[in-house]
DNA sequence: CCCGGCATCAATCCTTCGGTTGATGCCGCA
DNA sequence: TGCGGCATCAACCGAAGGATTGATGCCGGG
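Chains as they are written, first to last, in this note's numbering: chain A, 1 to 211; chain B, 1001 to 1211.
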């Protein structure tokens, strides 16, 4: 008998990557790449129509909707396909956002083809598929919660990285400057630094915030 | 008659991207993808052996040798193939490094297949092939030298981005703090900002420094 | 040859950032 | 139910960073 194949939807804004994924995945006899789309919006539309088992979703699209938002939109529906996030970078923020959005797995684009195929099968079976690097990262984060910034702290630090002053941040977030400073002090302690610029440097190095 | 095809070497550490480039380029009848390699070192070795017209070279490899170094090594030899740099990011520093290393062209990975093929043909003919975005960038830089940071200024700003204080920077570069501050003032003026953190933000946004 | 940009430094002033201490309310978990 | 983490705010103070002015030597291009 021929088992029913795994039906795939590819979403990535790079034509070359789409072609590469197609080439790599179609060598697997039990995979069928049904469609590939260049935007997150198209992915949501197509996925809503049904007919897919697994969606391979990039996180960074050239603007507009984020991959994590698209992931949330897709997984929110009943009888939704599994979403495998496939991205180049591995910032903590991205990983958590994807997982919270309901992604079944998280892979890096430099993964070898076998790993990729294995992850797709794992995802199709409904099981969680995390790249080894990612898994390690999450373990680390669990083990040392001291390093983990709170939601609010991350928010503040991101604005610092964007070049805002404490005054500007306090206005943006409807806080007093005292609160902003307080958050920063906690951030410094967690990151082991003693200035805003080095906090940004440390956080970007650890992938806690977006560049 | 059949014109002799353009013989290609692909260098990229992402298996998926290599497969994608192969898939995209092999649809062109006048292209022949002779080999693809996952490291810059292998690219230099193979290119040294001859037999290639154009090398498609990634800039970011997963460590060790940089694409720009490999580019320099390849173009340094007599009778070298043309090198087309193909990368995801477009920081000014990367672009200039690649061009100084002797790259014939510079493309972004999100380029559509037609653009890619056109660039390869242009490069094979020995002409310069720059992606529109990149060309614009260079024009901008030429037109407004005010925006261009001097070597020293870039050096200082990079250390600021790394989280160093003025005192630390002055020690690192064997300068007085006055000089560091002076550089910073010029940097602020050129970038149109008024603090170190926003200078870092602006510079990373414009790709003037590494993240 | 001289102008202009780059790199270097000094001295001043003052804004604001950073460190400290201390306090409150809320929520989740044990 | 009470502890601890998170988020919020206040007041204070010292210092680092930023603004300003001004000056020097070097080098390359017009």
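Glycine residues also receive a C-beta, built at the ideal position from the N, C-alpha and C atoms.
Residue span of the alpha helix (DSSP H) that contains residue i, given as start and end
| i | result |
| --- | --- |
| residue 188/A | 177-191 |
| residue 20/A | 15-26 |
| residue 1067/B | 1067-1076 |
| residue 121/A | 113-124 |
| residue 1197/B | 1196-1205 |
| residue 1101/B | No alpha helix (DSSP H) contains residue 1101/B, which DSSP labels as neither H nor E. |
| residue 149/A | Neither: residue 149/A is in no alpha helix (DSSP H) and is coded neither H nor E. |
| residue 210/A | Where residue 210/A is concerned, there is no enclosing alpha helix (DSSP H), given that its DSSP letter is neither H nor E. |
Neighbourhood of residue i by C-beta distance below 7 Å, restricted to the same chain and skipping five residues each side
| i | result |
| --- | --- |
| residue 1073/B | 1044 |
| residue 128/A | 104 and 105 |
| residue 1054/B | 1006, 1008, 1081, 1082, 1084, 1120, 1123 and 1124 |
| residue 1175/B | none |
8 Å CB neighbourhood of residue i in its chain, flanking five on each side removed
| i | result |
| --- | --- |
| residue 155/A | 173 |
| residue 75/A | 83, 101, 102 and 103 |
| residue 15/A | 38 |
| residue 1164/B | 1172 |
| residue 209/A | 91, 93, 154, 157, 158, 161, 200 and 203 |
| residue 22/A | 10, 33 and 36 |
| residue 1170/B | 1176, 1177, 1179 and 1180 |
Contacting residues, own chain, Cβ-Cβ under 6 Å from residue i (five flanking each side not counted)
| i | result |
| --- | --- |
| residue 1038/B | 1013 |
Residue i versus the options, residue with shortest Cα-Cα distance
| i | options | result |
| --- | --- | --- |
| residue 1191/B | 1202/B, 1182/B and 1181/B | 1202/B |
| residue 1200/B | 28/A, 207/A, 104/A and 159/A | 159/A |
| residue 1207/B | 1089/B, 1198/B and 1107/B | 1089/B |
| residue 1110/B | 20/A, 98/A and 178/A | 20/A |
| residue 151/A | 177/A, 198/A, 195/A and 96/A | 96/A |
| residue 1114/B | 1028/B, 1066/B, 1167/B and 1004/B | 1028/B |
Residues sharing a beta bridge with residue i, DSSP
| i | result |
| --- | --- |
| residue 32/A | 7/A |
| residue 1054/B | 1008/B and 1082/B |
| residue 37/A | 11/A |
Neighbour flag for residue i against chain B, beta carbons, 8 Å
| i | result |
| --- | --- |
| residue 83/A | no |
| residue 14/A | yes |
| residue 113/A | yes |
| residue 58/A | no |
| residue 42/A | no |
| residue 109/A | yes |
| residue 162/A | yes |
Where the beta strand (DSSP E) through residue i begins and ends
| i | result |
| --- | --- |
| residue 164/A | Taken as a continuous stretch (DSSP letters only), residue 164/A belongs to no beta strand (DSSP E), as it is neither H nor E. |
| residue 108/A | 105-108 |
Any chain A beta carbon closer than 8 Å to residue i
| i | result |
| --- | --- |
| residue 1183/B | no |
| residue 1190/B | no |
| residue 1122/B | no |
| residue 1117/B | no |
| residue 1195/B | yes |
| residue 1067/B | no |
| residue 1020/B | yes |
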